[in-house]
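Report on the structure given below.
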Amino acid sequence: MQEGRWAVAEYDIRAELRYSREDEWVRAEGDRVTVGVSDYAQQQLGDVVFVELPEVGRTVDAGEPFGVIESVKTVADLYAPVSGEVVEVNDVLAETPEAVNEDCYGDGWMIVIATSDASEVEALLDVEAYKQHIKERADQDH
Amino acid sequence: MSNATQGFAYEEALLFELSRPGRRGVDLPALDVPDVDAKQLLGEAFRAEPADLPQLSEVDVVRHFTRLSTWNAAVDLGLYPLGSCTMKYNPKINERVARLPGFAWAHPHSPAERVQGLLQLCHELERSLAEISGMDRVSLQPAAGAQGELAGIMMIRAYHEHRGERRHKVLIPDSAHGTNPASAALNGYDVVSVPSGSDGLLHPEAVEEVMADDVAALMITNPNTLGLFETHIGRICEIVHSGGGLVYGDGANLNALLGRGRPGDLGIDVMHFNLHKTFSTPHGGGGPGSGPVGVKSILEPFLPVPVVAQAEDGSLEWDEDRPLTIGRLHGNHGNVGMLVRAHAYILSLGPEGLRRCADMAVLNANYLLARLRGAFHVPYDGAVMHECVLSDRELAATGVTTLDVAKRLIDHGYHPPTIYFPLVVAGALMIEPTESESREGLDRFVETLLDIVREAHEEPEKVRSAPNRTRLARLDETRAARKPVLRWQPEDV
């Protein structure tokens, strides 16, 4: 029997990515930073039914909400893990929000930010720190 | 004995599908005024093709809606434990009073001198709500709780603007109802979420940390959505007030305080009342709701218009002449029929009866919690007020979730409790029994939940596939949200 949401081992947390404390993942390639939500986030949310993303060209500050994700259970803000300009948006999610559940690190990507400060990526959690963050929350979880 | 049985379970088609050409519910008398050419009269607004409305007889329509009504869950059918919604029984005397012709047939545009009785009722209800809450004045205008909240925050904004202060933030605890940030955002405020402590309460230090001279208000629900009384409310209000902000009280959970504590005495400056929760007016299925908003005297100039006022000769009138008002919120005078019902409720219970409401609501919630503790995880344990919050954590190994438990309750004839709220609890089940339930009724509900827990361990598939005894099996909520069908379309002709 699975342990459900209470065990870190249940989540696909990937070593090649970095993570925010709000459960966004980032993949940095030069100054282009692709952003989505982690497997932990999509499992916690349950079936995603709607994703609202910004327009290309909008500038965002790290920690600022850039969009909204809605599941059958709840609605949550999406937070920009780094500062910069939104240069690409995954418009496909408007029609197929289920991609966030099915392939959160692939087809479920959300935006690409051209970052103005590469050190912000370094400041995000690495895989071990993020797993620890999940575990701590599960321990405290009410 | 199970709470539900199977018997008459009607299928029912859409009105459009029941339609037959030429069928009708009325016979219009022969025209006895000169005929006019509608086309000429209406010009471009005249439609060449009649709208394709369903054509039905009176009995078709009556049966259609009566059949649909048999699909409803209702508080008149059984326990409706929807947390933070206070689905209490609506006493029938309310309906009787609301049907008195002087109330039921009053036209909203009647001159004040023709509806003095109704104005007197509005005036007395305002005074009762003020006395119950510790507020100075109350507007009966808002049509529901969310509109009352909106009105409250509009008054807070008007107050700061009138004083020439620019404040652009509103503080909201992370356990708040979603309407709180919505009301703040609709007024152009930035929302700052304030984390609750590990005991589920809002702590003065957390408020102090974010309080600043650009904060317009703090919005707080007391008891909060975990059913816990915010014991630091006095100190929290002091912090906000000393920083020049105001405190908004969300009245959703007022049922727990009736006759025992007054938000105004705790430091709240403005609050709304949900008459359809605390004061037993119809709830759900369109109510309609009613959300009066009460204020301390500093906010009185900003109240919505009109307010009931006494003229020099002692008669009552609608006062519209209030220069600082936030304006009008409703086409007429609020949902007046609900005001009549709430007033009947308050008068029929009296102060002692209202106090007993709060006492019994709190006792019932604590009784449920005491009997369910152990079978369910209790995230913030301790004495609760009018509702308790459990989680599915103990069921994790079975693969059964809160949603499954909620669906399985339907098989047993219970409306599910509020689920996955408050957001600070993973897998929350939020149960509010209200004062309406007897000991036997609560015991039956507890036994049902305990049976479901047993079933989750022994036959989890039975719970995960629920509901199994309903007219329709589990609905695909995900598909309904992703690909909603919002409009009936005729089959290809």
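If you're matching them up, the sequences are chains A and B in order.
All residue numbers for the first sequence refer to my numbering, where the first residue is 1 and numbers rise by one.
All residue numbers for the second sequence refer to my numbering, where the first residue is 143 and numbers rise by one.
Glycine included, every Cβ here is placed at the ideal spot set by N, Cα and C.
Residue i - containing beta strand (DSSP E), residue span
| i | result |
| --- | --- |
| B:H475 | No beta strand (DSSP E) contains B:H475, which DSSP labels as neither H nor E. |
| B:H310 | Unbroken run through B:H310: none, as it is neither H nor E. |
| B:L388 | 388 to 392 |
| B:G436 | 435 to 437 |
| B:S533 | 530 to 533 |
| B:T363 | 357 to 363 |
| A:Q42 | Run containing A:Q42: none in the beta strand (DSSP E); it sits in the alpha helix (DSSP H), 39 to 45. |
| B:E153 | No beta strand (DSSP E) contains B:E153, which DSSP labels as neither H nor E. |
| B:S422 | Segment: none, B:S422 is in no beta strand (DSSP E) and carries neither H nor E. |
| B:L97 | Nothing about residue 97 of chain B can be reported from this structure: the residues present for chain B run from 143 to 635 only. |
| B:V334 | 332 to 336 |
| A:S71 | 65 to 71 |
Coil, strand or helix - residue i by DSSP
| i | result |
| --- | --- |
| B:D546 | helix |
| B:P602 | helix |
| A:R18 | strand |
| B:L160 | helix |
| A:A114 | strand |
| B:D553 | helix |
| B:V201 | helix |
| B:H374 | coil |
| B:G385 | coil |
| B:R209 | helix |
| A:R5 | Any reading at A:R5 must be qualified, since the residue scores a pLDDT of 49, below 50, and its modelled position is unreliable; no value is offered. |
| B:G406 | helix |
| A:A138 | helix |
| A:A129 | helix |
| B:S490 | helix |
| B:E677 | For residue 677 of chain B there is no data in the structure shown, the boundaries of chain B being 143 and 635. |
| A:R27 | strand |
| A:G36 | strand |
| B:M572 | strand |
| A:D12 | coil |
| B:Q283 | coil |
| A:Y79 | strand |
| B:A240 | helix |
| A:V49 | strand |
Integer-rounded CB distance, given that residue j should sit under 8 Å from residue i
| i | j | result |
| --- | --- | --- |
| B:S281 | B:A272 | With a Cβ gap of about 11 Å, B:S281 and B:A272 do not count as contacting. |
| A:M110 | A:V48 | Between A:V48 and A:M110 the Cβ distance is about 11 Å, and since that is not below 8 Å, they are no contact. |
| B:L343 | B:V336 | Incorrect: roughly 11 Å between the Cβ atoms, too far for contact. |
| A:E55 | A:S83 | With a Cβ gap of about 17 Å, A:E55 and A:S83 do not count as contacting. |
| B:A348 | B:G387 | The pair is not a contact, with the Cβ atoms about 15 Å apart (cut-off 8 Å). |
| B:M480 | B:T543 | Not a contact, Cβ separation roughly 37 Å. |
| A:L125 | A:R18 | 6 Å |
| B:A246 | B:L260 | With a Cβ gap of about 10 Å, B:A246 and B:L260 do not count as contacting. |
| B:R613 | B:A151 | 5 Å |
| B:G433 | B:G320 | The pair is not a contact, with the Cβ atoms about 15 Å apart (cut-off 8 Å). |
| A:D23 | A:A41 | 4 Å |
| B:L370 | B:Y522 | 6 Å |
| A:A80 | A:A62 | 6 Å |
Extent of the continuous alpha helix (DSSP H) run through residue i
| i | result |
| --- | --- |
| B:P323 | 321 to 328 |
| B:M297 | 287 to 304 |
| B:P346 | 346 to 352 |
| B:H414 | Segment 412 to 414 is the beta strand (DSSP E) holding B:H414; no alpha helix (DSSP H) there. |
| B:F245 | 243 to 246 |
| B:Q182 | 180 to 184 |
Beta carbon proximity, residue i to chain C, threshold 8 Å
| i | result |
| --- | --- |
| B:T576 | Among the chains of the structure shown, chain C does not appear; the protein chains present are A and B. |
- Taking any Cβ of chain B, which residues in the segment 54 to 78 of chain A have a Cβ under 7 Å from it, in chain order? Residues V72, K73, T74.
- Given 8 Å as the limit, is there contact between the segment 580 to 588 of chain B and the segment 398 to 407 of chain B, that is, 3 or more CB pairs closer than that? Taking 8 Å as the limit for Cβ pairs, the verdict is that the segment 398 to 407 of chain B does not touch the segment 580 to 588 of chain B.
- Query: Using 8 Å as the Cβ pair cut-off and three pairs as the minimum, do the segment 407 to 419 of chain B and the segment 292 to 307 of chain B touch?
  - Reply: Judged by Cβ distances under 8 Å, the segment 407 to 419 of chain B makes contact with the segment 292 to 307 of chain B, as three or more pairs qualify.
- Task: Below 8 Å between beta carbons is the criterion; list the residues of the segment 79 to 103 of chain A that meet it against any residue of chain B, in chain order.
- Result: Listed by position, the residues of the segment 79 to 103 of chain A near chain B (Cβ gap below 8 Å) are P97, E98.
- Contacting positions in the segment 579 to 593 of chain B - beta carbon closer than 7 Å to chain A: Of all residues in the segment 579 to 593 of chain B, none has a Cβ within less than 7 Å of some Cβ in chain A.
- Task: Decide if the segment 372 to 383 of chain B is in contact with the segment 432 to 446 of chain B; the criterion is three or more beta carbon pairs, one per stretch, under 8 Å apart.
- Result: Output reads no: the segment 432 to 446 of chain B does not touch the segment 372 to 383 of chain B.
- Message: Check whether the segment 588 to 607 of chain B and the segment 557 to 566 of chain B are in contact - that is, three or more C-beta pairs closer than 8 Å.
- Response: With the cut-off at 8 Å, the segment 588 to 607 of chain B and the segment 557 to 566 of chain B do not touch.
- Three-pair Cβ contact test at 8 Å for the segment 25 to 42 of chain A versus the segment 78 to 94 of chain A: Three or more pairs of CB atoms, one per stretch, sit closer than 8 Å, so the segment 25 to 42 of chain A contacts the segment 78 to 94 of chain A.
- With 9 Å as the C-beta to C-beta threshold (strictly closer), list the residues of the segment 37 to 49 of chain A near chain B in chain order. The segment 37 to 49 of chain A vs chain B, Cβ under 9 Å: Q44, G46, D47, V48, V49.
- Counting Cβ pairs closer than 8 Å, one from the segment 207 to 216 of chain B and one from the segment 177 to 187 of chain B, do we hit at least three? The segment 207 to 216 of chain B vs the segment 177 to 187 of chain B: no contact.
- Item | Within 7 Å of chain A by C-beta, residues of the segment 555 to 574 of chain B in sequence order | Under the 7 Å Cβ criterion, the segment 555 to 574 of chain B contributes Y562, L565, V566, V567, A568.
- Would you say the segment 450 to 464 of chain B touches the segment 186 to 204 of chain B, given that touching needs at least three Cβ pairs under 8 Å? No, the segment 450 to 464 of chain B is not in contact with the segment 186 to 204 of chain B.
- Item | Segment contact flag, the segment 183 to 190 of chain B with the segment 236 to 251 of chain B, C-beta cutoff 8 Å, min 3 pairs | Fewer than three pairs of CB atoms, one per stretch, sit closer than 8 Å, so the segment 183 to 190 of chain B makes no contact with the segment 236 to 251 of chain B.
- Determine, using beta-carbon pairs with one atom in the segment 253 to 269 of chain B and one in the segment 461 to 473 of chain B, whether at least three such pairs fall under 8 Å. Taking 8 Å as the limit for Cβ pairs, the verdict is that the segment 461 to 473 of chain B does not touch the segment 253 to 269 of chain B.
- Task: Pull out every residue of the segment 615 to 630 of chain B whose Cβ sits closer than 7 Å to any Cβ of chain A, in chain order.
- Result: Here the close residues are E619, T620, A623, R624.
- Query: Does the pairing of the segment 627 to 634 of chain B with the segment 584 to 599 of chain B give three or more beta-carbon distances under 8 Å?
  - Reply: Contact between the segment 627 to 634 of chain B and the segment 584 to 599 of chain B is not established, with fewer than three Cβ pairs separated by less than 8 Å.
- Is the number of C-beta pairs between the segment 496 to 516 of chain B and the segment 524 to 531 of chain B that are closer than 8 Å three or more? Proximity of the segment 496 to 516 of chain B to the segment 524 to 531 of chain B meets the contact definition, three or more beta-carbon pairs being nearer than 8 Å.
- Query: Given 8 Å as the limit, is there contact between the segment 224 to 235 of chain B and the segment 480 to 492 of chain B, that is, 3 or more CB pairs closer than that?
  - Reply: A contact between stretches requires three or more CB pairs, one per stretch, nearer than 8 Å, and the segment 224 to 235 of chain B meets this requirement with the segment 480 to 492 of chain B.
- Query: How about the segment 301 to 314 of chain B and the segment 323 to 333 of chain B: do they share at least three Cβ pairs that are nearer than 8 Å?
  - Reply: The segment 301 to 314 of chain B, when compared against the segment 323 to 333 of chain B, does touch it at the 8 Å Cβ threshold.
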